[in-house]
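Chains as they are written, first to last, in my numbering: chain A, -8 to 336; chain B, -14 to 185.
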C-alpha cells in the first residue's frame, strides 16, 4: 500500500475514534456523575442506555437554530468551528501504539511524528482560545462576553504554568517529539517518577485548559447562564460541548504520553517473550493499554468534576500566577540542579 | 441556643496542610469514589414502584356488594363532606327488575368525581354510611384533556370481574370505628351544622 493511503486511513481512523470517544464520554460523564450521587443515570435508550449519545445527538440537531439578530453572523458561525477544529487537530501527534509491520511496510500508529510535537500541541491548544473568544464576542451578549473573557484569560494564564511544567520534562527527556518521549519511557522509568511535581502542575493546568471543573468558570451556570455559549443553540452548541470532550480525550492522551509511558506497560517485553508474541501482537496490546490509560484519565477528569466545587475567579488567578507559576519555575530550577549534579548537562 | 446545636465559628489561619488543598481534595475524591459502590436511591419507576403506605389515598372506587349490586344510595353525604366540591351526583329511583343492579330503592344514576378538584383527603370515605366509596392505592393516570379527569360511574364502579381490594383501608381500628359509624358520623355532621348556625 502506498504510504499516503496508509496515512489517510490512520487520519480517518483517528478522526472516527476521537469522535466516538467524545460521544461516549458525554454518556460516561452522565453515568459517572450519577453513580457518584447514588443515582442510576441514563438507562432507557438501548441496552444500559448505550444509545443515549445518539438520542442526545439527534436532539441537538433537531433543535431550532437561533442566530441572534444583532450578532456578527460569520464570526458566530466560525466560533464553534474553530473550537471543534483545534480540538480535533491536537490528536495528530499522539502515538497510539507501537509500530505494526505488514510485509516490509512499517506503519506507525501516529498521524505525524513531528519532532516538535509538544510545540505543535501548545500552538493548536492556544488557538482553541479563539473559538471561545470569537463565539463569546460575536454573540453580542454580556454573559457570553464575560464568559469568553474569563475563558481566554484563564487559558492564557494557565498555559504559562503548563508550558513551564513541560520545559522541565523537555529538559530531562531532551526531545520535543512525543514518540521519542514515549520510547524513552519504555527503556527507563515513566516520567511520573522523574517529574511528579511537573505532572501535578500539568494536570491542574490541563483541567484549566479544558475549562473543566473545578475551573469551569467560563461556563458557570450560576453566574453566567451558559458562559460563552449562552446564545448558542442546536448543533453549534453541540460543537462547543463536543470540543470540550475531545479536549478532555486528547489531554488525557497527552498526559499519558508525557508522564505515564504512553502505550508502554510494565514488563511488556518480558511478557512478549514469555508468550512468544509477535511484535504486531504486542503493538495491539500496547494500543489497548494506551486506551485503557486514556480512559482512566477521562474518568479522572469526571471524578474530579463531580467532587470539587468551582473556584472563585480570584482564587483561580491566585492559584495560576502565585502558586503554579512559582512552583513550575522551582521545578525547572530543581530539575536543572539535579541534572547538573548527575553530570547530564 | 434552643437546639444546643450552635457552634462557635472560629476564624483562624489555615495550616499549611489545609492551604495545600490536595489532601482535602483527595479525601473528597475518596468519598465520591466510595459512593460508586453504594446502594442507588433511584426507583426505576415503570418497572419498580415504591411500596405504598397501607392507608394510601388514591383513585376512588364505588364498591358493589356480594351479589354485585351497587351499594351507593346517592344520599349525597360524600358530596357534602367533600371540601373540594369534587363530587356531584344525580339520584334516581330503582325500577322493577333492577334489584340485582342496585341494593336499595334509590341509586346514583350519575356519579362524577372531578379528579383535578379532588384533594384525596378521604372525607367522602369517612362520610359514606353505606361502605360504598373507598379510596384505593391506585394512582389517577395523567391525561392531556381536562374533561378526561371527570370520572363517571364507568370508571369508578368496580365490577365483579375486577374487584378492587380495599382491605388495607379496613384495619381493625377502622372496622371498630365503623361499627357505630352511622351515629358517630351523623353526630359529627350535625355538630358541624349546629356550630355553623350558632356562630351566626
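Ideal Cβ placement from N, Cα and C applies to all residues, glycine included.
It should be emphasised that the depicted structure is a prediction, and the values quoted were computed from it without experimental measurement.
In the three-state scheme derived from DSSP, where H, G and I count as helix and E and B as strand, residue 48 of chain B is classed as coil.
Assigned with DSSP and collapsed to three states, residue 73 of chain B falls in strand. Between residue 95 of chain B and residue 45 of chain B, the C-beta gap is not smaller than 8 Å, which leaves the two residues out of contact. Residue-level contact check: residue 297 of chain A touches chain B, since one or more beta carbons of chain B fall below 8 Å from its beta carbon.
Among the residues facing chain B, residue 29 of chain A is included, as its CB has a counterpart in that chain under 8 Å away. Counting only runs of 3 or more residues that sit fully inside the segment 18 to 48 of chain B, the beta strand (DSSP E) segments are 45 to 47, in chain order. Note that the C-beta distance between residue 130 of chain A and residue 198 of chain A is not below 8 Å.
Neighbours of residue 87 of chain A in chain B, taken as residues whose beta carbon is under 9 Å from its own, are absent, since the nearest beta carbon is some 28 Å off. Residue range 133 to 164 is occupied by the alpha helix (DSSP H) that includes residue 157 of chain A, with no beta strand (DSSP E) assigned at that position. Annotated as distal: residue 107 of chain A and residue 193 of chain A, with beta-carbon spacing of 8 Å or more. When rounded, the separation of the alpha-carbon atoms in residue 9 of chain B and residue 263 of chain A is 42 Å.
Distance between residue 288 of chain A and residue 249 of chain A, taken at the CA atoms: about 13 Å.
Under DSSP, residue 91 of chain A shares a beta bridge with A:98.
Chain-ordered, the chain B residues with CB closer than 8 Å to the CB of residue 294 of chain A read 14, 17 and 18.
At a beta-carbon threshold of 8 Å, the residues of chain B lying near residue 26 of chain A are 20, 21 and 25, ordered along the chain. A distance below 8 Å separates the beta carbons of residue 49 of chain B and residue 143 of chain B.
Scanning the segment 90 to 122 of chain B for uninterrupted alpha helix (DSSP H) segments of 4 residues or longer gives 108 to 112, listed from N- to C-terminal end. Counting only runs of 3 or more residues that sit fully inside the segment -3 to 55 of chain A, no beta strand (DSSP E) segment turns up.
The beta carbon of residue 238 of chain A sits closer than 6 Å to those of 78 and 201, all from its chain and outside the five residues before and after it, given in chain order.
Restricting attention to A:179, A:292 and A:186, the CA atom closest to the CA of residue 258 of chain A is found in A:179. Counting of Cβ neighbours within 10 angstroms places residue 117 of chain B among the buried residues, the total reaching 16 or more. Following the DSSP letters along the chain, one finds residue 301 of chain A in no alpha helix (DSSP H), marked with neither H nor E. Within the same chain, and ignoring the five residues on either side of residue 103 of chain A in sequence, the residues whose Cβ sits closer than 7 Å to its Cβ are 83 and 84. B:67 is the residue among B:67, B:126, B:147 and B:12 whose C-alpha sits nearest the C-alpha of residue 105 of chain B. In this chain, the alpha helix (DSSP H) harbouring residue 227 of chain A covers 225 to 250. Annotated three-state conformation of residue 254 of chain A is coil, per DSSP.
Cβ neighbours of residue 217 of chain A within its own chain (closer than 7 Å, five residues either side excluded): 210. For residue -3 of chain B, no chain A residue has a C-beta closer than 9 Å to its own C-beta; the minimum C-beta separation is roughly 19 Å. Taking the CA atoms as reference points, residue 65 of chain B sits about 58 Å from residue 132 of chain A. By the C-beta density criterion, residue 284 of chain A is buried, having at least 16 other C-beta atoms within 10 angstroms. In the three-state DSSP reduction, residue 84 of chain B falls in the coil class, being neither helix nor strand. With respect to chain A, the C-beta atom of residue 29 of chain B has a partner C-beta closer than 8 Å.
The Cβ neighbour count for residue 123 of chain B, taken over all protein chains shown within 10 Å, is under 16; the residue is labelled exposed. Following the DSSP letters along the chain, one finds residue 259 of chain A inside the alpha helix (DSSP H) bounded by residues 259 to 266. Counting of Cβ neighbours within 10 angstroms places residue 115 of chain A among the buried residues, the total reaching 16 or more. C-alpha of residue 41 of chain B to C-alpha of residue 51 of chain A: approximately 41 Å in a straight line.
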